[in-house]
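Here the numbering used here is used: the first residue of the sequence shown is 336, the next is one more, and so on.
A virtual CB, placed ideally from N, CA and C, is assigned to each residue, including glycine.
If you're wondering where the values come from, they're calculated on a predicted model, not measured in any experiment.
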Amino acid sequence: MSLTNEHVFFRGISDTEGPIIERASGVYYFDQSGRRYIDGLSGVGNVCIGQGVPEIIEVAKEQMERVSFAHPLQWQNEPQMRLAQTIAGMAPAGLSKVFLCSGGSEATDTAIKMVRQYQVERGRASKYKVIGRWHGYHGNTLGALAASGMAVRRAFFTPLLADFPHIAACNCYHCPFAKSYPGCNVACAHELEAELLRQGPDSIAAFIAEPLVGTAGGALGAPPEYFRIIRDICDRYDILLIVDEVITGFGRTGRNFAIEHWDVSPDLICTGKGMSGGYTPLGGVIARPEILEVFQHGHGFEHGYTYGGNPLSCAVGNAVLEYIIRHRLVERVAALEGHLFGAARSLENLDIVGDVRGKGFMLGVELVADKGSRQPFAPTANVSAQIVREARRRGLIIGRFWGQIDGRHGEGIMLMPAYVCDEDTLTEIVDILRASILEVQGRI
Numbered sequence: 336m337s338l339t340n341e342h343v344f345f346r347g348i349s350d351t352e353g354p355i356i357e358r359a360s361g362v363y364y365f366d367q368s369g370r371r372y373i374d375g376l377s378g379v380g381n382v383c384i385g386q387g388v389p390e391i392i393e394v395a396k397e398q399m400e401r402v403s404f405a406h407p408l409q410w411q412n413e414p415q416m417r418l419a420q421t422i423a424g425m426a427p428a429g430l431s432k433v434f435l436c437s438g439g440s441e442a443t444d445t446a447i448k449m450v451r452q453y454q455v456e457r458g459r460a461s462k463y464k465v466i467g468r469w470h471g472y473h474g475n476t477l478g479a480l481a482a483s484g485m486a487v488r489r490a491f492f493t494p495l496l497a498d499f500p501h502i503a504a505c506n507c508y509h510c511p512f513a514k515s516y517p518g519c520n521v522a523c524a525h526e527l528e529a530e531l532l533r534q535g536p537d538s539i540a541a542f543i544a545e546p547l548v549g550t551a552g553g554a555l556g557a558p559p560e561y562f563r564i565i566r567d568i569c570d571r572y573d574i575l576l577i578v579d580e581v582i583t584g585f586g587r588t589g590r591n592f593a594i595e596h597w598d599v600s601p602d603l604i605c606t607g608k609g610m611s612g613g614y615t616p617l618g619g620v621i622a623r624p625e626i627l628e629v630f631q632h633g634h635g636f637e638h639g640y641t642y643g644g645n646p647l648s649c650a651v652g653n654a655v656l657e658y659i660i661r662h663r664l665v666e667r668v669a670a671l672e673g674h675l676f677g678a679a680r681s682l683e684n685l686d687i688v689g690d691v692r693g694k695g696f697m698l699g700v701e702l703v704a705d706k707g708s709r710q711p712f713a714p715t716a717n718v719s720a721q722i723v724r725e726a727r728r729r730g731l732i733i734g735r736f737w738g739q740i741d742g743r744h745g746e747g748i749m750l751m752p753a754y755v756c757d758e759d760t761l762t763e764i765v766d767i768l769r770a771s772i773l774e775v776q777g778r779i
């Protein structure tokens, strides 16, 4: 019987457009015809050390031969202990307890339930809301989606979502307050306090934000003071600060965790993607020990997943993180950031490129119909989708973002190359992207 895709429930209408992958090696994919593609997106920001690393494969093989799964309520396992110890050693000061799961969306749901039960155990049962940010994205499960502010992903499921409040995200290129930094006095940060007071502080359990907004904002960062202001507000109103580092964690921005760029330590960090290098599904929440102590003196954490902390995924994840540490890949990203962004600055002279931004190996290119007014293209133009297709035709895999202005308008291109890319590969990625933008620019 010939192999077809007719039984696959594809996520998107356009999913059947892509070639069928045959194999991958390092930072390259190969389709069934043997054609090579550069992975300029690290899978989905997760394949950070490249594909087919022999020592990771060997660790997986050895662990499968020893034990691949053990009931998490009946057994402890050494790979879980080793992985938690490695993560704690990489985490910001004060965060040393690790709850493991199978991905970023699960991590966000875990954090939401963690802060809720934490508040109840402390006698603050009225605190249940998690404030998120519009245009933020924290995952596709219902809890994560409720905290997210990405309108296009929420639209069909709004009746199912908890009614969590949201504030404006940082977007200095399209300021939602029509102000300019630094004269704005970082209004986007102070809006958290205003929303707390509108909702009633006794109802708020936590605030969640990405240090750099990923697929919902195209590597949008925040002013230097932003997270220090947020931390102070959280402390004054007795709410927990959750930082979503699913994309940015474990080296993506040239630091172990992106929040370190703002010199702030959160209460919880959601992780995923790069912590397993794309070799196995893996995610987690890194927490302050004081949070765990509340559960230990209460009812324990009423939450868990079948595959949370399983020996196979943990062994592979630990091998990936040890590889990152041993080869000093976080430092490598920091050292090569200047080369990547130096090459990408050449895109700014293109007619439809309005902004180039990001940190480390996370780069967003915002597309505009008019550079002077920063007017976006109409959502129906799908300019970023055209560029993604053109780049793939030229042998480069990239990503796109959209809706970062008001939920519908605004779009751009995302680059998230693997940490192991050298200068020549980074240059080639940007060169192909430039040629792809020029081709589409000439057609519209």
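query: T715 versus V688: straight-line alpha-carbon distance, rounded; result: 18 angstroms
query: When P616, M449, E666, Q398 are compared against F636, the one with the closest alpha-carbon; result: M449
query: Boundaries (first-last residue) of the beta strand (DSSP E) holding G618; result: 618-622
query: Any non-hydrogen atom of the ligand COA within 7 angstroms of H525 CB; result: The ligand COA is absent from the structure shown, which contains no ligand whatsoever.
query: Three-state secondary structure (DSSP) of H555; result: The amino acid occupying residue 555 in the given sequence is Leu; His does not appear at that position. In this structure, L555 counts as strand in the three-state DSSP scheme.
query: Through-space distance from F492 to G478, alpha-carbon basis; result: 11 angstroms
query: Sufficient close CB pairs (3 or more, under 8 angstroms) joining the segment 639-649 to the segment 405-417; result: yes
query: Reduced DSSP category for E352 - H, G, I as helix; E, B as strand; rest coil; result: helix
query: With 16 other Cβ atoms within 10 Å as the buried cut-off, status of D374; result: buried
query: Enclosing alpha helix (DSSP H) for C569 [first to last residue]; result: 561-571
query: Extent of the continuous beta strand (DSSP E) to which L435 belongs; result: 432-436
query: Short Cβ contact (8 angstroms threshold) for F676 with L702; result: no
query: Bridge-paired residues (DSSP) for Q386; result: G361
query: Run of the beta strand (DSSP E) containing M697, from where it starts to where it stops; result: 697-702
query: Selection from I626, D705, I621, L376 that minimises the alpha carbon distance to R457; result: I626
query: Burial state of G440, where buried means 16 or more other Cβ atoms lie within 10 Å; result: In the sequence as presented, Gly is not what sits at residue 440; that position holds Ser. Its Cβ being crowded by 16 or more others within 10 Å, S440 is buried.
query: Cα-Cα separation between I604 and A622, rounded to whole angstroms; result: 7 angstroms
query: Counterpart residues of Y372 in DSSP-defined beta bridges; result: Y364
query: CA nearest to the CA of A540, picked from A529, L647, L575, I594; result: L575
query: Reduced DSSP category for C510 - H, G, I as helix; E, B as strand; rest coil; result: coil
query: Same chain, Cβ closer than 7 angstroms to E400, five either side skipped, listed in chain order; result: none
query: Cβ pair count under 8 angstroms reaching 3, the segment 611-622 against the segment 427-447; result: yes
query: R468 (DSSP reduced to helix, strand or coil); result: strand
query: Where the alpha helix (DSSP H) containing T762 begins and where it ends; result: 758-776
query: Of the listed residues P601, L555, I660, D567, nearest to G424 (C-alpha basis); result: I660
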